[in-house]
Structure formats: structure tokens, C-alpha cells
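Number of protein chains: 2
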Amino acid sequence: MTSPAPSFYHPAPRAQQFCSQCGHALSHEVPPDDNRVRDLCKHCGAVHYQNPRNVVGVVPIWHDQVLLCRRAIEPRYGKWTLPAGFMELGETTEQGAARENQEESGARIRIQSLLTVIDVPSVNQVHLYYLAEVLDPTLDPGPETLEAAFFKLDAIPWQELSFRSVSTTLEHYLQDRPGGRFPTHHYAIDLRFPD
Amino acid sequence: MTSPAPSFYHPAPRAQQFCSQCGHALSHEVPPDDNRVRDLCKHCGAVHYQNPRNVVGVVPIWHDQVLLCRRAIEPRYGKWTLPAGFMELGETTEQGAARENQEESGARIRIQSLLTVIDVPSVNQVHLYYLAEVLDPTLDPGPETLEAAFFKLDAIPWQELSFRSVSTTLEHYLQDRPGGRFPTHHYAIDLRFPD
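From first to last, the protein sequence lines are chains D and R. Quick note on numbering: the numbering used here labels position 184 of the first sequence as 184, and the sequence is numbered without any gaps. Going from the second sequence to the numbering used here is simple: count from 1 and add 1000.
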């Protein structure tokens, strides 16, 4: 087995050259009754659609503190982030968010409500963050986390956060917290135009 | 080119046998530093993750009527549905919902807010529906629609609707309409246990 760099196929190949069903070379053209170029196999007839992926995560709150994890993986190695990752087959967004928290922080939580739905079309992702109550602050971070820690809400390391979806989600939480109501916020982030 | 049945590869192949990068046969095992079985290529190192897909659509309202489309495709051929379909690469959920409406009904709309986020884990999907105002009720349905029509809100063909995400989204709209506020609703549908 050859060994490409760890980030080489992260998160998954997008350009497809061979049919996953029969192994023949793919064509790249607009199929009949379609309106955009697809990866299609003229040997077996398979059309290999590609679609955006969901990233699911949590905002874990312990009294007046939020639980953050320092990334042990690229991109943004060493930055602080909310526990989150790619949604897997067979789970709900909520189950995926809880799983990611378990893998990355190990804290026991109870998920409360959907806080943000964030389109990030430049990377073909939708990010969904759930507000969560930390039930047991014992931490047991997994291999994707350098360290996990609680931060007072007035001491969030804003300059050391990983992604704009993380910082904006935390901003929405802080704005809603005084009122005690946490409706779902929906917006888009265009990474081509950093603010 | 062989001609499989139109539904044979709908919406896209899930079981993968060959590497899309190099064409070699795939292994199905847990990669190092992972915790579930993946389709991986021992020849070139590619890991072919699979993830849930988003279905994006609209609830198009024209005064006291809702715009529905009768499906010209499987599944649920002939049933009435809200304009919706798979989110594509390079677009936001909102842009995808507007595109699907354009393709399936042709009505000119203005999207207003995110009405429902529905997990459907049994088919590895998340459905997102936007409330939309119809600006011009002229209809121009595309090839995936047998006919498009406006229904009075007290004459929705509940027994002839396509999917539970469609009926529950319409129910939420009707419940919220008297109050004039349309917060985002989030829930899961388990198709293994029809209610």
C-alpha cells in the first residue's frame, strides 16, 4: 500500500475517474434528462452524483462555561473548536453531534435544541450545531483532540478559534443566553470573502 | 451502453466495489485511526467515505393557497409533493430549494425562512424546507412533474401526499400561520415505524 500524506484524501476524493460499480473509466458529461455534468459510466449505466456533506456538532455548556477542543488534525491544527465532524450514514444530525462530542471531548451531555444551520457552499458543506448541557464535566478527549477544556463565556479564545461557523455559533449563543430562548439561526458563510 | 432500469441507480450507488481514483478493487475494513468500516483502496490509499444527503425544498404560498407538484418520477409517482430535490455541489440549501422549485413548478418565488429541518436516517437523508412567497403564479413545470397546481389550505390532498416530511412540513406551516411567526422546526422521522 502506498502512503499518501494524511490530508491527501481528506475528507474524500471528489474527482472521480473510475466507476465504483464496475471499475471502468468514467465519462464526464450531462446525462439524458439532466442539466449538469455528472460522472457517469457508459459501461454499466451508473451515474455517480456528488452532493454536499453535513458537519454536525454541539455547543456544550457547563454553567457559565463552554467546552472547547483543541484540534489534533488538519485543517486548523492546534486551534480551538466546538466538538463537530462529518455526519455518518444511519444517524440523525443530533445523534451525529452527540457522537462527535463523545469522540472529541468525552464529556457526558444532553442535547437541547438546534442552534445554528450554516451553509458553507465554498466547501460544499452544511454545518448544524446543537446546544447541549454538560451533565458530567469529566473529560476524555480522543485522538483528534490535543486537549479539551472549559472556558468562561467571557474568556473564549476568539482569536484562536478554528472556523467561522464555530465563532458565529458561539456569538449566537451569547446573544440568546440573556433571554433564555434559543431559536434556530440559519445563515450562509462565504469563505471567499472573509469578514 | 447497457440500459439498467431508470430506478436502478437512484439516487446514486452506495455499495462501492472499485476505487474511483485508480480503478483497483476496494477493501471494506476499518482504516487506522478510524472506528467504522470504510471502502478503502490498498493500492492508492484513498478512503471513500459515504455520508447522508440533503433534500432541499420550498413551501410556496400564494395568498391562501399552497403550490404542489404531482410527481412524474419514482418513488411515489403520481403523488402530490412540495417542490424539492437533492442539494447539489456549489449551492446553499436556500439556493438549492429555489432551484428545485424552478425546475419542478416554474413559479417565481421569494424565499422567506427555514421552516423545517427533518432527519430521515432510515434513508440517510436530511430534509430542509423553506417557506416561500409566490410572486407570480404562472406555472411551468419541468419533466419531473406531471402537473403543478395551487390548493386552498383547507383542501390539501393529505391522502395523496408523497412523503411524511412533506405532510409534517405542511402541518407545521398551518399551525404557525395564525400567529404569523414561522420559527424553524427540527425533528426526526423514522420510516421503519409509520405513524
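Cβ coordinates follow ideal geometry from the N, Cα and C atoms, glycine included. For clarity, every value in this text was computed on a predicted model and none was experimentally measured.
Buried versus exposed, by CB contacts within 10 Å (16 or more), residue i
i, result
"ARG1181(R)", "exposed"
"SER1105(R)", "buried"
"ASP190(D)", "exposed"
"PRO75(D)", "exposed"
"PRO32(D)", "exposed"
"ASP39(D)", "buried"
"ASP1136(R)", "exposed"
"HIS1048(R)", "buried"
"HIS28(D)", "exposed"
"ARG110(D)", "exposed"
"GLY1179(R)", "exposed"
"SER1165(R)", "buried"
"MET1(D)", "Note that MET1(D) scores a pLDDT of 39, beneath 50, so its modelled location is shaky and nothing firm can be said."
"ASP140(D)", "exposed"
"GLY45(D)", "buried"
"ALA98(D)", "buried"
"GLU1147(R)", "exposed"
"ASN35(D)", "exposed"
Helix, strand or coil at residue i according to DSSP, with G and I counted as helix
i, result
"ASP176(D)", "helix"
"ALA1015(R)", "coil"
"SER167(D)", "helix"
"GLN1021(R)", "coil"
"ARG1099(R)", "helix"
"GLU133(D)", "strand"
For residue i: DSSP bridge partner residues
i, result
"CYS1069(R)", "THR1081(R) and ALA1148(R)"
"GLN1125(R)", "ARG1053(R) and VAL1120(R)"
"TRP1158(R)", "Answer is none; TRP1158(R) lacks a bridge partner."
"ALA1188(R)", "ASP1119(R)"
"LEU1114(R)", "TYR1130(R)"
"PRO60(D)", "ALA132(D)"
"HIS1048(R)", "ASP1039(R)"
"ARG76(D)", "Bridge partners of ARG76(D): none, in fact."
Residue i - containing beta strand (DSSP E), residue span
i, result
"ARG181(D)", "First-last for ARG181(D): undefined, no H or E at that position."
"GLU29(D)", "27-29"
"LEU1040(R)", "1038-1040"
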